[in-house]
Amino acid sequence: MLAQLLEEKRTLIVVGPGGVGKTTTAAAFAVQAARMGKKTLVLTVDPARRLANSLGLEELGNTEVRIAPELFAEAGIPLENGGALYGMMLDTKSTFDDLIERYAPNAETRRKIFDNAFYQQASTALAGSQEYMAMEKLYEIREQRDYDLIVLDTPPTSNALDFLSAPDRLEDFLGSPATRALVKGMKAAGRVGLGFLKFNTFVMRGLNRFVGADTFLGILEFVQSFSEMYAGFKARARRVREILRADDVGFVIVTSTNRTTIDEGTFFYEQLASHGMPFGAVVVNRVRTPFLAPDELEGLERRLIEAARDSEALASADGYHVQQFLKRGAEHCRDYEIMAQVDADRLALVKERFAGNEDRIYPVPQLERDVHDVGSLAEFAERVTSVQGAA
Ligand SMILES: Nc1ncnc2c1ncn2[C@@H]1O[C@H](COP(=O)(O)OP(=O)(O)OP(=O)(O)O)[C@@H](O)[C@H]1O
Ligand SMILES: [Mg+2]
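Laid out in structure tokens, this is it:
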């Protein structure tokens with residue numbers, strides 16, 4: 006069950022395709038952990054404005070904010086046993102800036118990097134950097150703070166591999182013979198002699214893979230300054246990669262009942278296994294559950310109309326509309342039951358795909374209201390069930 010997962014792990018990394026409910030899941034799990042008495046941090050990426058507002062998280066790039074305990078009390082779930090919730094909105098650019106601050110050997114290099122047009126563009130838009138920076142921040146907080154649990158929300162994964170291999174790619178890039186040759190060549194040639202590198206497409210391809218950039222000279226200057234921090238960055242990328250394999254870390258894969266997202270979730274699950282990274286749970290979000298039995302559905306329209314006739318609603322001036330309304334209401338109920346049946350089948354598919362981990366499959370129903378404050382996040386967490394033991 007959810008409580009067990011929250012007890013067992015020190016870090017949860019919530020992943021999944023766009024819009025399935027990653028941010029909601031991360032925040033809800035964090036709320037639940039705080040209620041269990043844990044000092045919890047939710048590190049979130051671009052939360053919906055309403056969620057950020059209601060938690061008091063707006064415009065607070067890269068600093069931890071305590072979520073007011075009064076919000077819990079107001080929602081009727083006062084925090085007890087020392088539980089506390091903190092939130093932080095991840096800001097890729099300032100995370101990168103912090104890193105440069107840390108590893109630049111001197112003020113001169115630091116200034117050169119910050120002033121570099123390529124850096125300014127790259128540090129906000131580095132392909133794969135959002136993923137990398139999220140983990141970078143996670144690493145830093147795990148090292149320096151005393152949270153019982155950190156829940157990391159992530160940007161939508163267009164490609165699971167990109168996410169899992171971000172530290173490797175940075176390390177590969179920094180350590181590749183091409184980069185070394187580039188750096189060495191630049192040191193020897195100085196800025197005047199850089200032209201020859203234009204033709205070194207191998208190097209440029211390496212760069213493009215990580216940065217997707219086009220400002221040529223800017224890149225060269227960048228790499229030159231960057232190279233001075235090379236060792237620090239490289240060692241760090243390796244440590245960041247290590248935490249993705251730690252036992253007290255768990256990946257939480259979020260999916261909907263939509264087939265494509267289940268396929269993506271399955272792919273991610275397989276990738277985790279092949280990278281030796283720990284699976285935590287799979288959340289199947291927005292599951293529609295049946296609310297009428299087949300015999301209740303049978304003749305629903307007729308029974309509704311009969312009831313309305315008895316109450317004389319049908320004889321009133323807008324009787325025709327009442328009849329249409331009831332007819333459509335009954336149709337919707339039948340459609341909903343079909344969707345609920347589809348969702349039940351999809352849940353069965355998830356069970357098949359995650360065989361052996363049935364106790365780590367958490368369906369969450371489609372809630373009636375949007376999930377955006379402490380109360381509804383707590384409800385979301387309470388509605389997490391486990392398919393284990395279900396038919
Ligand atoms: N079970 C649910 N019932 C009702 N509403 C939900 C549920 N899960 C999520 N939502 C709502 O769906 C919307 C999208 O959720 P969320 O922002 O968590 O998705 P996401 O995966 O983080 O999206 P993105 O990939 O864009 O970051 C939010 O408004 C959220 O409140
Ligand atoms: Mg999100």
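First residue of the sequence shown: 6, per my numbering; consecutive thereafter. Glycine included, C-beta positions come from ideal geometry on N, C-alpha and C. Computed from a prediction, not measured in an experiment: that's the story for all the values here.
{"Asked": "Inter-residue Cα distance where the pair is Ile118 and Ile248", "Found": "28 Å"}
{"Asked": "Buried/exposed call for Lys14, threshold 16 Cβ in 10 Å", "Found": "buried"}
{"Asked": "Beta carbon proximity, Phe273 to chain C, threshold 8 Å", "Found": "Of the chains in the structure shown, none is chain C; there is only one protein chain."}
{"Asked": "Where the alpha helix (DSSP H) through Asp333 begins and ends", "Found": "At residue 333 the sequence reads Arg, which differs from the Asp that was named. Residues 324-358."}
{"Asked": "C-beta atoms of Thr260 and Val25 nearer than 8 Å", "Found": "yes"}
{"Asked": "Sequence-distant residues of the same chain with beta carbon closer than 7 Å to Ala39, five excluded per side", "Found": "Thr45, Leu84, Gly88, Ala89, Leu90"}
{"Asked": "Lys27 beta carbon near ligand 2 (any heavy atom closer than 7 Å)", "Found": "yes"}
{"Asked": "Status (buried if at least 16 other CB within 10 Å, exposed otherwise) for Lys43", "Found": "buried"}
{"Asked": "Identified DSSP bridge partners for Tyr367", "Found": "Val288"}
{"Asked": "Simplified DSSP assignment, three categories, for Lys44", "Found": "strand"}
{"Asked": "Check: Phe385 C-beta below 7 Å from any heavy atom of ligand 1", "Found": "yes"}
{"Asked": "Beta-bridge partners of Arg71, as assigned by DSSP", "Found": "Tyr91"}
{"Asked": "Arg244 beta carbon less than 8 Å from that of Tyr152", "Found": "no"}
{"Asked": "Proximity below 8 Å, CB of Ala73 to CB of Thr49", "Found": "no"}
{"Asked": "Leu157: first and last residue of the uninterrupted beta strand (DSSP E) it sits in", "Found": "154-158"}
{"Asked": "Closer than 7 Å: Val50 CB and nearest ligand 2 heavy atom", "Found": "yes"}
{"Asked": "Assigned exposure category for Gly23 - 16 Cβ within 10 Å defines buried", "Found": "exposed"}
{"Asked": "For Gly92 and Val53, the rounded distance between their alpha carbons", "Found": "Note that residue 53 corresponds to Ala in the displayed sequence, not to Val. Between Ala53 and Gly92, the C-alpha separation is close to 14 Å."}
{"Asked": "Start and end residues, beta strand (DSSP E) containing Leu2", "Found": "Given a span of 6 to 396 for the chain in the structure shown, any question on residue 2 remains unanswerable."}
{"Asked": "Pick from Gly270, Thr390, Asp348, Leu382 that is closest to Ala57, judged by C-alpha positions", "Found": "Leu382"}
{"Asked": "Straight-line gap, Ala335 to Asp315 (C-alpha atoms, nearest Å)", "Found": "18 Å"}
{"Asked": "Where Thr30 falls: helix, strand or coil (DSSP)", "Found": "helix"}
{"Asked": "Coarse secondary structure for Leu17, derived from DSSP in three states", "Found": "strand"}
{"Asked": "Residues near Val355 in its chain [Cβ-Cβ closer than 7 Å; skip 5 each side]", "Found": "Ile267, Val287, Val289, Ile366"}
{"Asked": "Cβ-based burial, Glu113 [other Cβ within 10 Å; buried from 16]", "Found": "exposed"}
{"Asked": "Val392, DSSP secondary structure in three states", "Found": "coil"}
{"Asked": "Inter-residue spacing [alpha-carbon to alpha-carbon] between Ala395 and Val292", "Found": "At Ala395 the pLDDT is 46, less than 50, meaning the model places this residue with poor confidence; the figure from the coordinates comes in the next sentence. Approximately 14 Å, taken between the alpha carbons."}
{"Asked": "Cβ-Cβ distance between Pro283 and Asp252 below 8 Å", "Found": "yes"}
{"Asked": "Proximal residues to Arg71 (C-beta, below 6 Å), its chain only, five neighbours per side dropped", "Found": "Tyr91"}
{"Asked": "Status (buried if at least 16 other CB within 10 Å, exposed otherwise) for Ser59", "Found": "buried"}
{"Asked": "Check whether Leu352 and Val392 have beta carbons under 8 Å apart", "Found": "yes"}
{"Asked": "Beta bridge counterpart(s) of Gly255 as assigned by DSSP", "Found": "Leu17"}
{"Asked": "Coil, strand or helix - Thr49 by DSSP", "Found": "strand"}
{"Asked": "Where the alpha helix (DSSP H) containing Thr114 begins and where it ends", "Found": "112-120"}
{"Asked": "Start-to-end residues for the alpha helix (DSSP H) that takes in Arg55", "Found": "54-60"}
{"Asked": "Member of Phe359, His326, Asp348 whose CA lies at the smallest distance from the CA of Glu275", "Found": "Phe359"}
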